[in-house]
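So the structure is just underneath, and the comments pick up after that.
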Amino acid sequence: MAPIKLYGMALSANVVRVAAVLNEKGLDFEIVDVDLRTGAHKHPDFIALNPFGQIPALQDGDEVLYESRAINRHIATKYKSQGPDLVPTPSAKLETWLEVESHHFYPAVSPLVFQLLIKPMLGGAPDAAVVDKHAADLAKVLDVYEAHLAKGNKYLAGDAYTLADANHLSYMFMLTKTSKAELVASRPHVKAWWDDISARPAWLKTVASVSVPVSVSYAPTPLRRSVIDLEPEPYAGSRRRSAKEAMAEATPETSRKLYGYALSSNSVRIAALLNEKGLDYDLVAVDLDNKTPEFLAISPFGQIPAFQDGDDLLFESRAISRHIATKYKHLGPDLLPTPSAKLETWLEVESHHFYPAVADLVYEIRVRPRLPGGASPDPAVVDGLARKVADVLDVYEGHLAAGNRYLAGDVFTLADVNHMAQLLAVSKTPRAAELVAARPHVQAWWEDISARPAWKKTVAALSLSPP
């Protein structure tokens, strides 16, 4: 068997994230140096491995993956029988906390580590205002962790160490080497959790072998508003009630409840998947200006959507999507064929490349001008954001042109579903729609997936304008 090759720099937090899981599984691997300082990540040989030109990438036999979280899930799934089972399924709590790391913890901690560890290495001085902002953001995030762990959860997903914990290791380690280490030390349950996971032999081996804590990886992903349209329209779908009413009236017949609203693309993402699986649900209206304790008990970050599925309570739309696709695997199309390295990669590409670029462009053109005091879109800003979207879609075009009907290959999967709500927003935004239309394979893919009966049902039920 060919050795596993991990491409990157041993000083990158995202590379260290993968090394930690490889060590947890007891797998031999070789780190192939990709020096960002010399531009090696933009060399054609590396671009062939990762078209976004970022580290890490992983070669595991004939399989090539990029995106560190996709790589880790691939390792945890393919080598499930070796070492601890890091992805016990189904696990609603696990999926939720994997997404919390990706979309709450990482965006707050990454710029903080950059300012306090990396920038001084490069000859710069930390920006006090930036440090204060992200320290405050991270404090709020860790308050949620503290409350969660204080409820009797030894680890993030419950009693067992899982991938949700492993994915935190590299940045938690770096955070504890900064002047903001008190953010961990001042929260007893967070500190106890960190003391536990950082004492694992696999992590100690990782620290010894890759010379952390220094990182050259910095790509913060800000949280974004997720809006399909700001024009309220009559809701024509399932019963719509307040969160408080829904919690009080739960019955076995209405045990699936989607908390959100029809104009949120993240809520639409879940509705589309529920329809693809042929599942009934109630859409429970959430007033984001007056969040009830009942809603915050389900979604501690106060964001939509949240989902109640019998006794399972989840937040984070991508965690909800994977939960539905896993729990109801036998209904409708199998949206999570496993193992699938390509599927895991494109789920992460949507989350960390497509969504951030598209959401910013749609927001600038459609949303910001409609806000109180909103100004007309700044042409220079729009041009810059459009270039970012174009760069991302160029990768999609190349991938689809290589004989892939769908993102993960020949079959429609969760990777495609997770794009649909934002692609609808794109189709209603002139400048963004042109970027799709100019790429024939991307356009053909969108026409294919948007013609699915479940998507048409979603658009009709939520009173969204069709593409």
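Here the UniProt record's numbering is used: position 452 in the sequence shown is 452, and no number is missing along the way. Backbone N, C-alpha and C define an ideal beta-carbon position, used for all residues, glycine too. This one's a predicted model, so the numbers in the text were calculated from it and none came from an experiment.
**Asked** Is Asp-33 helix, strand or coil when you go by DSSP?
**Response** strand
**Message:** Short of 7 Å in beta carbon distance, which residues of its chain neighbour Ile-320, apart from the five on each side in sequence? Order them along the chain.
**Reply:** Ile-270, Pro-305, Phe-307 and Leu-314
**Message:** Do Leu-331 and Leu-279 count as a contact pair if the criterion is CB distance below 9 Å?
**Reply:** yes
**Prompt:** Taking buried to mean at least 16 other C-beta atoms within 10 Å of its own C-beta, is Asp-204 buried or exposed?
**Reply:** A quick correction: the sequence has Leu, not Asp, at residue 204. The residue in question, Leu-204, is exposed, as its Cβ has fewer than 16 Cβ neighbours within 10 Å.
**Asked** For Leu-112 versus Ala-129, is the C-beta spacing smaller than 9 Å?
**Response** no
**Request:** With DSSP collapsed to three states, give me the class of Ile-4.
**Result:** strand
**Message:** Taking only three categories from DSSP, how would you classify Ser-81?
**Reply:** DSSP places Ser-81 in coil when its eight states are reduced to three.
**Request:** Report buried or exposed for Leu-156, applying the criterion of at least 16 other Cβ atoms within 10 angstroms of its Cβ.
**Result:** buried
**N- and C-terminal bounds of the beta strand (DSSP E) containing Phe-315** = 312 to 315
**Prompt:** What's the call for Ala-246, buried or exposed, on a 16-neighbour Cβ count within 10 Å?
**Reply:** With a pLDDT of 41 at Ala-246, under the threshold of 50, the modelled position of that residue is not reliable, and the figure given next carries that caveat. Buried, by the Cβ-count rule.
**Request:** For Ala-306, write down the residues that DSSP places opposite it in a beta bridge.
**Result:** Tyr-259 and Phe-315
**Asked** For Glu-316, does the count of other Cβ atoms within 10 angstroms reach 16, so buried, or fall short, so exposed?
**Response** Burial call: buried.
**Request:** In angstroms with no decimal places, state the Cα-to-Cα distance between residue 497 and His-323.
**Result:** Residue 497 falls outside the range modelled here, since the chain spans only 1 to 467, and no answer is possible.
**Message:** Just to confirm the assignment, what range does the beta strand (DSSP E) spanning Gln-59 have?
**Reply:** 57 to 60
**Message:** What residue range does the beta strand (DSSP E) around Leu-65 cover?
**Reply:** 63 to 66
**Request:** For Arg-318, collect the residues of the same chain with a Cβ closer than 7 Å to its Cβ; drop the 5 residues on either side in sequence, then sort them by chain order.
**Result:** Glu-99, Ser-351 and Asn-418
**Asked** Straight-line CA distance for Trp-455 to Lys-151?
**Response** 39 Å
**Asked** What does a CB cutoff of less than 8 Å around Lys-291 pick up in its chain, not counting 5 residues either side in sequence?
**Response** Gly-302
**Message:** Beta-carbon within less than 6 Å of Glu-249's beta-carbon, same chain only, minus the 5 sequence neighbours each way: which residues are those?
**Reply:** Legend: pLDDT at Glu-249 = 41, less than 50; position of this residue unreliable, no value from coordinates given.
**Prompt:** Among residues of its own chain, excluding the 5 on either side of Ser-170, which ones have a beta-carbon nearer than 6 Å to its beta-carbon?
**Reply:** Ala-13, Val-16 and Arg-17
**Request:** Compare the C-alpha of Asp-165 against each of Gln-54, Gln-82 and Asp-195 and name the closest.
**Result:** It is Asp-195.
**Asked** Straight-line CA distance for Pro-3 to His-168?
**Response** 26 Å
**Asked** How many whole angstroms separate the CB atoms of Lys-25 and Tyr-79, which I take to be in contact at a CB cut-off of 8 Å?
**Response** 5 Å
**Prompt:** Buried or exposed: Gln-82, going by 16 or more other Cβ atoms within 10 Å of its Cβ?
**Reply:** exposed
**Other residues of its chain near residue 475: CB distance less than 6 Å, five sequence neighbours each side excluded** = No information on residue 475 is available, as it lies outside the stretch 1 to 467 that the chain covers here.
**Request:** With a 10 Å radius around its C-beta and 16 neighbouring C-beta atoms as the bar for buried, classify Ala-262 as buried or exposed.
**Result:** buried
**Asked** If you drop the 5 nearest sequence neighbours on each side, which residues of the same chain put their C-beta closer than 7 Å to that of Trp-446?
**Response** Leu-423 and Val-436
**Between the CA atoms of Val-190 and Asp-127 - distance to the nearest angstrom** = CA-to-CA, the gap between Asp-127 and Val-190 works out to about 27 Å.
**Prompt:** Among Asp-334, Pro-356, Tyr-259 and Ser-265, which residue has its Cα nearest to the Cα of Glu-294?
**Reply:** When only C-alpha atoms are compared, the closest one is Tyr-259.
**Endpoints, beta strand (DSSP E) assigned at Asp-137** = Run containing Asp-137: none in the beta strand (DSSP E); it sits in the alpha helix (DSSP H), 128 to 150.
**Prompt:** Are the CB atoms of Val-109 and Met-9 nearer to each other than 9 Å?
**Reply:** no
**Message:** What does the Cβ neighbour count give for Arg-73, buried or exposed, with the cut at 16 atoms within 10 Å?
**Reply:** buried
**Asked** Given that a residue counts as buried once 16 or more other Cβ atoms are within 10 Å of its Cβ, and exposed if not, what is Asp-60?
**Response** By the neighbour-count rule (16 or more Cβ atoms within 10 Å), Asp-60 is buried.
**Asked** Which parts of the UniProt domain "GST C-terminal" (336 to 467) are runs of the alpha helix (DSSP H), unbroken and 4 residues or longer, counting only runs that do not cross its ends?
**Response** 341 to 349, 355 to 362, 379 to 401, 414 to 417, 420 to 427, 430 to 437, 440 to 450 and 453 to 461
**Request:** Measure the beta-carbon distance from Val-382 to Glu-364 and round it to whole angstroms, keeping in mind my assumption that it falls under 8 Å.
**Result:** 6 Å
**Prompt:** Tell me, which residues are paired with Asp-282 by DSSP?
**Reply:** DSSP output for Asp-282 lists Lys-257 as bridge partner(s).
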